[in-house]
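Engineer: Structure in structure tokens, see below.
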Amino acid sequence: MTTRQTRQISWIKAALKEFEKFPLDAQEICFSALTIAAEGGKAEIAKPLTGLGSGVFEIALPFRRNAYRVVYAVQIANAIWVVHAFQKKSTKGITTPKKQIDLVASRLNTLKEMLR
């Protein structure tokens with residue numbers, strides 16, 4: 001029998017600061033999805049975030065008429081890296097706004113440079 005190793009969940013400080021503004025119930029749901037990722041799985045509310053390379057996922061949580069997002073990367077070092085968390089303000093469609101995608105891309109690049 002092989003045991004799976006749970007990976008550490010690491011946070012970019014700004015992402016954690018935003019995550020802590022989520023309602024507690026929303027935080028718990030998102031953290032459960034992150035734990036599933038740390039154990040090698042993918043939660044139902046997580047989907048690949050296109051345009052940023054493989055291994056970048058977005059947790060999309062509709063919660064009490066609001067929408068919360070948590071973006072994490074699974075292929076950086078030996079951890080799950082949470083690079084962004086935000087409350088989605090747009091009511092038009094389900095796509096993540098370009099401004100948010102650009103911020104995620106910038107944080108991913110900075111993180112990869114730091115961990116070299």
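Throughout the sequence shown, residue numbering follows this note's numbering, covering 1 to 116 in sequence.
All C-beta atoms in this analysis are idealised placements derived from N, C-alpha and C, irrespective of residue type, glycine included.
To the nearest angstrom, how far is the alpha carbon of ILE76 from that of ARG64?
Structural biologist: Distance from the CA atom of ILE76 to the CA atom of ARG64, rounded to whole angstroms, is 33 Å.
Engineer: Have a look at the DSSP bridge pairing and note the partners of GLN8.
Structural biologist: ALA79
Engineer: Is DSSP giving ALA67 helix, strand or coil here?
Structural biologist: strand
Engineer: Would DSSP call ALA73 helix, strand or coil?
Structural biologist: strand
Engineer: Would you call the segment 33-41 and the segment 14-25 in contact, with 3 or more CB pairs under 8 Å?
Structural biologist: Put simply, the segment 33-41 does not touch the segment 14-25. Fewer than three CB pairs are less than 8 Å apart.
Engineer: Residue range of the alpha helix (DSSP H) that ALA105 falls in?
Structural biologist: 98-114
Engineer: If you drop the 5 nearest sequence neighbours on each side, which residues of the same chain put their C-beta closer than 6 Å to that of ALA43?
Structural biologist: ALA33 and ILE36
Engineer: Closest to GLY53 by CA distance: which of ILE101, ARG116, MET114 and LEU115 is it?
Structural biologist: ILE101
Engineer: With burial defined as no fewer than 16 other Cβ atoms inside 10 Å of the residue's Cβ, what is the status of THR96: buried or exposed?
Structural biologist: buried
Engineer: Would ALA14 be called buried (16 or more neighbouring beta carbons within 10 Å of its own) or exposed?
Structural biologist: ALA14 is exposed by the Cβ-count criterion.
Engineer: Can you give me the C-alpha to C-alpha distance between ILE59 and TRP11, rounded to a whole angstrom?
Structural biologist: Rounded to whole angstroms, the separation of the alpha carbons of TRP11 and ILE59 is 15 Å.
Engineer: Between LEU61 and ILE29, which are expected to be in contact by the criterion C-beta below 8 Å, what is the C-beta distance as a whole number of angstroms?
Structural biologist: With a Cβ gap of about 6 Å, LEU61 and ILE29 count as contacting.
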